[in-house]
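When we follow the numbering used here, the leftmost residue of the sequence shown carries the number 225, and every step to the right adds one.
Built from N, CA and C at the ideal position, the CB exists for glycine as well.
Note that this is a predicted model, so its numbers are computed, not measured.
First up is the structure itself, then whatever we jot down about it.
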Amino acid sequence: MMILGLSFTTFTALHVAISLIGVVSGLVAMSGMLVGKRMASVTLVFLASTALTSLTGLLYPSASFGTRHMVGIASIALLAIACLAAYAYRLAGVWRPVYVASALLALYFNTIAAIVQAFQKIPALAAWAASGSEPRLLTMQVAVFVLFAVMGGLAVWGGRREAVGPYHGERLGGQG
225 MMILGLSFTT FTALHVAISL IGVVSGLVAM SGMLVGKRMA SVTLVFLAST ALTSLTGLLY
285 PSASFGTRHM VGIASIALLA IACLAAYAYR LAGVWRPVYV ASALLALYFN TIAAIVQAFQ
345 KIPALAAWAA SGSEPRLLTM QVAVFVLFAV MGGLAVWGGR REAVGPYHGE RLGGQG
């Protein structure tokens with residue numbers, strides 16, 4: 225089976241690599257927002273690689289429209305909103321929390337997908353949660369959700385409100 229002229233295995237390896245780049249760069253970009261550091265390049269890598277992860281994920285063959293399709297489409301929509309908030313509205317006013325929420329939710333989707341895939345594909349993890357519905361996997365998913373909710377709250381309401389924006393170098397919170 226071929227996808228975009230690549231063998232299924234090669235395409236999957238590329239998809240996984242892009243996904244991991246998205247997760248790592250997203251965590252770095254979000255941590256930068258928490259401490260008020262401008263991370264334009266890392267943020268751009270996060271947005272682009274996460275969008276590419278969602279797009280490549282939609283290319284896998286499927287007999288029907290399912291959860292992965294809904295999550296992929298939702299992620300692309302969230303990333304479009306994040307780009308609009310950052311590039312067009314420069315995180316001014318309400319666009320800062322809109323950016324944080326949309327970017328963080330897209331990162332959450334990508335991270336949860338990576339965790340679920342890891343539990344399905346890595347033998348040691350698969351043995352630890354064989355059916356995929358064990359309390360261990362659910363606990364991991366809840367812990368990631370709580371971590372992301374705390375990160376989002378701190379990025380919007382805590383930390384350094386005067387922090388530098390991820391793209392343009394303006395001061396956030398109205399200090400232009």
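Requested in this report: Let me know if W319 comes out buried or exposed under the rule of 16 or more other beta-carbons within 10 Å of its beta-carbon.
Outcome: Counting from one through the sequence shown, the residue named residue 319 turns up at place 95. Classification for W319: buried.
Requested in this report: With DSSP collapsed to three states, give me the class of L244.
Outcome: Translated into the one-based positions of the sequence shown, residue 244 becomes position 20. L244: helix per DSSP, three-state reduction.
**Report entry** DSSP state of L271 mapped onto helix, strand, coil
**Finding:** In the sequence shown, residue 271 corresponds to position 47, counting from 1. In the displayed model, L271 falls within a helix according to three-state DSSP.
Query raised in the report: For chain B, is any of its Cβ atoms less than 7 Å away from the one on S249?
Result: This model lacks chain B altogether, as it is built from one protein chain only.
Query raised in the report: Where does L228 sit, in a helix, a strand or coil, going by DSSP?
Result: Counting from 1 along the sequence shown, the entry for residue 228 is found at position 4. Secondary structure of L228 (DSSP, three-state): coil.
Query - Spatial neighbours of R292 in its chain, beta-carbon cut-off 7 Å, leaving aside the 5 residues before and after - result: Stepping through the sequence shown from its first residue, residue 292 is reached at position 68. So the qualifying residues of the chain are G281.
Report task. Indicate whether the contact test is met: 3 or more Cβ pairs, each with one atom in the segment 297-314 and one in the segment 359-366, closer than 8 Å. Result -> By the Cβ rule, the segment 297-314 does not count as touching the segment 359-366, because fewer than three pairs are nearer than 8 Å.
Requested in this report: Pick helix, strand or coil for A237, following the three-state DSSP scheme.
Outcome: Residue 237 sits at position 13 when you count from the first residue of the sequence shown. Three-state DSSP puts A237 in a helix.
Requested in this report: Could you say which of H239, S255, F232, S231 lies nearest to A327 if we only look at CA atoms?
Outcome: Taking the sequence shown and counting its residues from 1, the one referred to as residue 327 is at position 103. Minimum Cα distance to A327 is reached at S255.
Query raised in the report: In terms of residue numbering, what span does the alpha helix (DSSP H) encompassing I336 cover?
Result: Counted from its first residue, the sequence shown places residue 336 at position 112. 319-345 is the extent of the alpha helix (DSSP H) around I336.
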